Amino acid sequence: MTERRQRQNSLLRGSLALLAAAAIYEAMARSGYFAPALLPTLPTVARALVSSIADGTMIEHAAFTLYRVMFGFALSVVVGLPLGILMARFQRVEHFFLPLVSALMPIPSFALVPLFMLWFGIGNLTTILIVFYAATFPMMFNTWSGVRSVNPLWLRAAGAMGADEHKLFWKVIIPGASPFIITGMRQAFLRAWIAVVGAEMIAASDWGLGWVIFDAKEFLNTDIMLASLVVIGGIGFVFERFVFGSLERATVMRWGMVRAAKG
Amino acid sequence: MQDAITIGVTEPEVRSQSSERLRLIARNIFPFAVVGTIWEIIAWAGVFPHRLFPTLEEVAASFVRLTVTGILPHHTIETLIRLLSGFALASILGVTIGVLMGRSRRAEDIFLPLVSIGAPIPGLAYAPLFLLWFGLGNISAVLLVGFVAAFPIIFNSWTGVKAVKEIWIRSAQSMGADDRRLFRYVILPGALPYILTGLRLGLAQAWRILVAVEMLAAVPWGLGWLIFGARKFLNTDVMMAGIVVIAIIGLTLEKFVFQKIENYTVVRWGMITS
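From first to last, the protein sequence lines stand for chains P and F. Offset between the first sequence (1-based) and my numbering: plus 376. Note that my numbering numbers the second sequence so that position 44 is 31, with each residue one more than the last.
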């Protein structure tokens, strides 16, 4: 009873805080102290959002961004996952790739944008490669540590029960490492999502959510900027909460491994 | 006699140790040598236009030239100042809000919705907005870096304060600790590993975002700007030199700041394992 009351209180206070923040913003926007072009009122932002969704431009921008981020992310999984497994299973591979990876990893992906622009031009290829670069390392690292941290007891037990290499790999190692792999995917996507927005801003093409924000700045269309900010936040939130959340529920939680995922 | 014996025992050991170290160094250098050789072959073969794909000697030469003339150090120092001031802003803001959220239910209710709405938006998406509001240049760059880096710090400080064991607080209270002492001697040390993790994540975040912000905010000096400006004149060798400096700073942060912090906390408190 008190628990519920407390939760209701929290909800009430939370929504009050949001309302208050919105009201302060609205008052600032309407006060006329600041240029309306820089601080549009909330209804203006909402109208810009609705109209840009209605005429399809915002959807097209989002589709382009999603295409780039998915392509780059898929590429990073295709490369990072096997490489991580190989690094964990074979010492030679680890000895070769680990120094390279540790040297490349501290370079923020955005530092490479100008270079990639020179090499690959402006547009999809550069953006996808930047996303790929940003997402591969977390993918690889988590897979690597996941495979290495598979309990050796399980391996020996499976071996003693007569599992061959093939079975050992698919039935023990992969499920054992899966919490780490899924964490890796999550981190990789988060990185990819940040990278795609930045890359679109710098390596401007003509579509994409990052580009539209940056382009709107030139014309002082602050309402469009805020509207695309809402869309970017929304998509990121949906992926984090629903896509990866349900992936986690469908795999590691079902296998009863979620404790390992938090470690 | 005894000396001779000890020398006889230790000498091979020393040698094997040093050869072990040599092997380790060689093993670490080998992959770079392979990649460097491939790079050189491609550059010399002229597969790509020479301006876009300089040889490693040219990169090294422009690195040395820029360092000697003082251009590269100037860019580096400006970038580091921006990083540190943005990070300082983020730490003050983040730790204060996070600890407040952990201590008071009211603050938690107020801040949590705001923070969880702001956090999933990639920091760079705010960049144009900040540029419009605060103008081009340093103020926007530092504010943006501080704002973006504050989120992980807030979340971790909040978790840390909440993770302090209830029983420690109660036993300290029953032993007569007042609020100030409770905070100073129980809550702060208990939450410190989390807070430090948050600071580490925040610094990494700040570093990643800063390079891009420097490209967008048109600051007069800074490594991001150096790379971005060099693109206009097709100075690929200058770009590569800038990227090398960025990599060195990143590596230094990783090896000498983050890992030190982590080792310190792990060793000292034995509280976090990852």
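Each residue gets a CB set at the ideal place from its N, CA and C atoms; glycine is no exception. Note that this is a predicted model, so its numbers are computed, not measured.
- Straight-line measurement puts the Cα of residue 445 of chain P at about 15 Å from the Cα of residue 613 of chain P.
- At a Cβ-Cβ threshold of 9 Å, residue 494 of chain P and residue 221 of chain F count as neighbours.
- If one requires a minimum length of 4 residues, the alpha helix (DSSP H) runs lying completely within the segment 112 to 177 of chain F are 114 to 121, 125 to 150, 153 to 161 and 166 to 169, in chain order.
- Against chain F, the CB of residue 519 of chain P has no partner CB under 9 Å away; the residue lies outside that interface.
- Here the C-alpha atom of residue 167 of chain F lies approximately 23 Å from the C-alpha atom of residue 96 of chain F.
- For residue 15 of chain F, the neighbours in chain P by C-beta distance under 7 Å run, in chain order, 475.
- Residue-level contact by beta carbon holds for residue 471 of chain P and chain F, with a gap shorter than 9 Å.
- A distance below 9 Å separates the beta carbons of residue 556 of chain P and residue 519 of chain P.
- Closest option to residue 551 of chain P, judged by alpha-carbon separation, among P:460, P:526 and P:451: P:526.
- Taking each of P:390, P:596, P:534 and P:496 in turn and checking the Cα distance to residue 116 of chain F, the smallest one comes out for P:596.
- Per the Cβ contact rule, the segment 504 to 520 of chain P is in contact with the segment 462 to 479 of chain P (3 or more Cβ pairs under 8 Å).
- By the neighbour-count criterion, in which 16 or more other beta carbons inside 10 Å mark a residue as buried, residue 618 of chain P falls on the exposed side.
- For the pair residue 611 of chain P and residue 424 of chain P, the CB atoms are not nearer than the 9 Å cut-off.
- For residue 182 of chain F, the nearest beta carbon of chain P is not closer than 9 Å to its own beta carbon.
- Boundaries of the alpha helix (DSSP H) around residue 559 of chain P: 550 to 578.
- Boundaries of the alpha helix (DSSP H) around residue 224 of chain F: 223 to 239.
- Residue 518 of chain P carries a helical assignment under DSSP once its states are collapsed to helix, strand and coil.
- Residue range 210 to 219 is occupied by the alpha helix (DSSP H) that includes residue 217 of chain F.
- With a 10 Å radius around the Cβ and a threshold of 16 neighbouring Cβ atoms, residue 3 of chain F comes out exposed.
- Runs of the alpha helix (DSSP H) lying entirely within the segment 476 to 547 of chain P and spanning at least 4 residues, in chain order: 489 to 496, 500 to 524 and 528 to 536.
- The Cβ-Cβ distance between residue 621 of chain P and residue 560 of chain P does not fall below 9 Å.
- Residue contact with chain P for residue 189 of chain F: absent (no Cβ-Cβ distance below 9 Å to any residue of chain P).
- Residues of chain F with a Cβ closer than 8 Å to the Cβ of residue 488 of chain P are, in chain order, 230.
- The beta-carbon separation of residue 389 of chain P and residue 93 of chain F, rounded to 7 Å, stays under the 8 Å limit for a contact.
- Measuring C-alpha to C-alpha distances from residue 188 of chain F to each of F:159, F:241 and F:156 identifies F:241 as the nearest.
- For residue 145 of chain F, the closest C-alpha among the options F:133, F:219 and F:87 is that of F:87.
- Against chain F, the CB of residue 385 of chain P has a partner CB under 9 Å away; the residue lies at that interface.
- In this chain, the alpha helix (DSSP H) harbouring residue 99 of chain F covers 92 to 105.
- Assignment of residue 431 of chain P by DSSP, reduced to helix, strand and coil, places it in the coil class.
- Buried is the label assigned to residue 192 of chain F, since at least 16 other Cβ atoms lie within 10 Å of its Cβ.
- Classified as buried, residue 484 of chain P has 16 or more neighbouring CB atoms from the shown chains inside 10 Å of its CB.
- With contact defined as three or more Cβ pairs closer than 8 Å, the segment 77 to 86 of chain F and the segment 130 to 143 of chain F are in contact.
- Straight across, the Cα-Cα distance linking residue 583 of chain P with residue 16 of chain F is about 42 Å.
- Chain order gives the chain F residues near residue 573 of chain P as 109, 111 and 112, where near means a beta carbon separation below 8 Å.
- Chain-ordered listing is empty here: chain P has no CB closer than 9 Å to the CB of residue 162 of chain F, the nearest sitting near 28 Å.
- Remark: fewer than three beta-carbon pairs, one from each stretch, lie closer than 8 Å, so the segment 152 to 161 of chain F and the segment 106 to 125 of chain F are not flagged as touching.
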